[in-house]
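Encoded as structure tokens, the structure appears first; notes follow it.
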Amino acid sequence: MDKTDFLQSLEYQTLPEKALSIYLKSMWYDAKGNWDKAHSSIQDLEDPMAQQIHAYLHRKEGDLWNAGYWYDKIGMKTPVISLDQEWNEIVDSLL
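Okay, structure coming up:
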């Protein structure tokens with residue numbers, strides 16, 4: 000799947016493709032406005048990508064302390080870019 004296909008799936012599908020990684024599914028649910036599903040699908044994973052997505056989700060939620068905690072765990076500073084830019088950077092890195 001490429002970025003165009005991923006973005007189109009957001010427009011036309013009610014569920015993410017089964018073949019998507021858990022990371023892309025989380026970002027897909029986030030883009031669809033289902034923060035809870037995006038968060039619950041990623042929160043128990045402990046690898047750096049899951050932690051970056053977890054941080055992004057808490058930043059989006061407005062819980063900057065919690066977001067900072069997760070960014071720190073992976074050695075990142077809280078981004079100063081927009082949430083949309085961060086979303087795109089994460090998705091691009093996964094596709």
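Note that numbering that gives the first Met the number 0 has the sequence shown beginning at 0, numbered continuously upward. Where a beta carbon is used, it is the ideal one built from N, C-alpha and C, also for glycine. Please read these numbers as outputs of a predicted model, since none were measured by experiment.
Subject >> Span separating the alpha-carbon of Leu23 from that of Asp62 >> reply: 22 Å
Original post:
Going straight from the alpha carbon of Glu60 to that of Thr77, what length do you get?
Top reply: 14 Å
Subject >> Where Lys36 falls: helix, strand or coil (DSSP) >> reply: helix
**OP:** Tell whether a beta-carbon distance below 7 Å holds between Pro120 and Ile73.
**Re:** For the chain, the structure presents residues 0 to 94; residue 120 sits outside this window and is missing.
Original post:
How is the alpha helix (DSSP H) around Lys24 delimited, first residue to last?
Top reply: 21-30
Original post:
Helix, strand or coil: how does DSSP classify Pro47 here?
Top reply: helix
Original post:
Is it the case that the Cβ atoms of Leu56 and Ala30 are separated by a distance below 7 Å?
Top reply: no
Original post:
Using the rule of at least 16 other Cβ atoms within 10 Å of the residue's Cβ for burial, across every protein chain shown, is Ser92 buried or exposed?
Top reply: exposed
Subject >> Residue from Asp4, Gln7, Met26 whose Cα sits closest to the Cα of Glu88 >> reply: Met26
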